Each structure stands twice: as structure tokens, then as C-alpha cells.
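Heads up, the sequence shown is in the working numbering, so the first residue is 1 and it goes up one at a time.
Ideal Cβ positions, reconstructed from N, Cα and C, are used throughout, including at glycine.
Note that the structure is a prediction, hence the values are computed from the model and not measured.
Read the structure below first, then the notes.
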Amino acid sequence: MASHREFKDALYAQFARIGHALSSPKRIELIDLLGQGEKTVEQLAESIATPIKNTSAHLRVLRQAHLVEARRDGTYVYYRLADDEVFRLLKSLETLGHSRLADVQHVVRMYLDGHDTLEPVTFKELRHLMRNGDVTVVDVRPAEEYEAGHIPGALSLPVSELKRRLREIPKGKEVIAYCRGRYCVYSLEAVTLLRKHGYDARRAHEGLPDWRAAGLPVESGV
Numbered sequence: 001m002a003s004h005r006e007f008k009d010a011l012y013a014q015f016a017r018i019g020h021a022l023s024s025p026k027r028i029e030l031i032d033l034l035g036q037g038e039k040t041v042e043q044l045a046e047s048i049a050t051p052i053k054n055t056s057a058h059l060r061v062l063r064q065a066h067l068v069e070a071r072r073d074g075t076y077v078y079y080r081l082a083d084d085e086v087f088r089l090l091k092s093l094e095t096l097g098h099s100r101l102a103d104v105q106h107v108v109r110m111y112l113d114g115h116d117t118l119e120p121v122t123f124k125e126l127r128h129l130m131r132n133g134d135v136t137v138v139d140v141r142p143a144e145e146y147e148a149g150h151i152p153g154a155l156s157l158p159v160s161e162l163k164r165r166l167r168e169i170p171k172g173k174e175v176i177a178y179c180r181g182r183y184c185v186y187s188l189e190a191v192t193l194l195r196k197h198g199y200d201a202r203r204a205h206e207g208l209p210d211w212r213a214a215g216l217p218v219e220s221g222v
């Protein structure tokens, strides 16, 4: 029978595998991206501005910790989160970092809150506005992420296409833009552009994965 010490060493060594997998900023970002839906290595490499070889190595570490899974389709390998627990782990990490690390708060104020004087819209408020028909909801993530899952009734207007497609958004209602999550800059870029063109616009406090995790309805397809 194993000793008390051997048991604890073996147990915490396994827990440390997850800690090791989360020890890289790029791997944390990969988990965040995969929270939007399945993606290829090539898509992920482009999103995190990292060579495919390095991205594959990061994904291998995440697979070894059973945080992501993969499937092959022809010459492409697609990755996805292992399950919803992985997304909840990411959210817990973000919440802990935001509450414990002053540097996190400083970065958020500098890059997000400091560039937007209006309070972001909570999902509770957004649902109220949607029920009353008082709002146009805009998904500013890439089109493939919208197709994988989006808030029902939301318009797909990727931030890269927003300027040339402004006419698709009616001006008679408030516009709420959402993207990948609390720290996604797409929605900030979107509302900045919309306000410059006379729209009453605010960004959502959280993103599609948070909406899904809250048990709220999600549509897929175009």
C-alpha cells in the first residue's frame, strides 16, 4: 500500500499537469479562442500571431492535460475544448486574476475601460432590451464563429467589415455589440466606429461563451 506521502505526491503531480498547461499566455489564449467553437491549427496560429509549428506544440500540451480534443478531416486537424468545465476553468482564472492582480486591473483600464466611458451592458439588461424590441444586437466576431453559435437574432457584422456595412444597422434603436468575451477588443472597436457615425452604441460586458454558459439560447448557422 502506498504511503501517505506517495499518495499526495502522485495526486498533486497530476493536478500540476493542468497548472503546467496554463503556464503559457499563448495556451490560455488558445483556450479562450476555442471557447468560440472548433478551429483548425492554421486558424488558431493566425489568431495568436504564432507560427503553426509553435501553435501545434502548445496544443499538444493542452491535449496532454486533457483540456482540448482534436479530430482530423482530410488534411486539416480541428481542435475544440474537451468540455464546458474547461471554459469554466478559464473564467475562474480570469476572475481570480482580476480580483487579485492589480496589473490585470491596470491593463483592463488602459486598453478597455479607459477608452469607453459608458458602462458595458450586462446580459440581464440585454435580455430585457431584446424582449422589449428596443435594441439591435450585433455580433462582431469573425463570420465562422458567428455560424458556430450566436445570440438569437444577432446580426453578423465582423469588425473588419463593419465600416462598409453600416447601412445594414438601423439608426432608430440602440446597438449592442458583443464579441468573444470580457476582454475582447472587437466590441470596443465596433462601438467606437458606430458612435462616430451617429449610432447610440454600447458593448456587452461578456461574450458568446458566457451567454452559452449561463444556459441562454444559442443559434447556429447563418
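Chain-order list of residues whose beta-carbon lies under 8 Å from that of residue i (same chain, five-residue window excluded)
i, result
"residue 180", "32, 33, 35, 36, 141, 145, 186, 207, 208 and 209"
"residue 163", "193"
"residue 84", "213"
"residue 112", "183, 185 and 188"
"residue 28", "22, 90 and 93"
"residue 14", "none"
For residue j and residue i, believed in contact at Cβ under 8 Å, the rounded distance
i, j, result
"residue 222", "residue 211", "Between residue 211 and residue 222 the Cβ distance is about 18 Å, and since that is not below 8 Å, they are no contact."
"residue 170", "residue 192", "At roughly 19 Å, the Cβ-Cβ gap does not stay under 8 Å, so residue 170 and residue 192 are not in contact."
"residue 62", "residue 11", "Not confirmed; about 21 Å, so no contact."
"residue 197", "residue 166", "6 Å"
Beta-bridge pairing of residue i - partner residues as DSSP gives them
i, result
"residue 155", "138"
"residue 68", "81"
"residue 29", "Note: residue 29 sits in no beta bridge, so no partner."
"residue 203", "177"
"residue 40", "78"
"residue 219", "150"
"residue 73", "76"
Reduced DSSP category for residue i - H, G, I as helix; E, B as strand; rest coil
i, result
"residue 95", "helix"
"residue 174", "strand"
"residue 185", "coil"
"residue 192", "helix"
"residue 117", "coil"
"residue 49", "coil"
"residue 150", "strand"
"residue 55", "helix"
"residue 18", "helix"
"residue 106", "helix"
"residue 128", "helix"
"residue 197", "coil"
"residue 214", "coil"
"residue 112", "coil"
"residue 162", "coil"
"residue 101", "coil"
Chain B contact for residue i (CB, 8 Å cutoff)
i, result
"residue 24", "Checking the listed chains, one finds no chain B in this structure; it contains a single protein chain."
Neighbourhood of residue i by C-beta, 7 Å cutoff - its chain only, sequence neighbours within 5 removed
i, result
"residue 55", "41, 44, 45 and 48"
"residue 224", "Residue 224 lies beyond the range of the chain shown here (1 to 222); nothing can be said about it."
"residue 76", "40"
Beta-carbon proximity list for residue i, same chain, < 6 Å, skipping 5 on both sides
i, result
"residue 129", "135"
Can you find at least 3 beta carbon pairs, one from the segment 100–115 and one from the segment 61–76, that sit closer than 8 Å? no
Check whether the segment 112–127 and the segment 195–205 are in contact - that is, three or more C-beta pairs closer than 8 Å. yes
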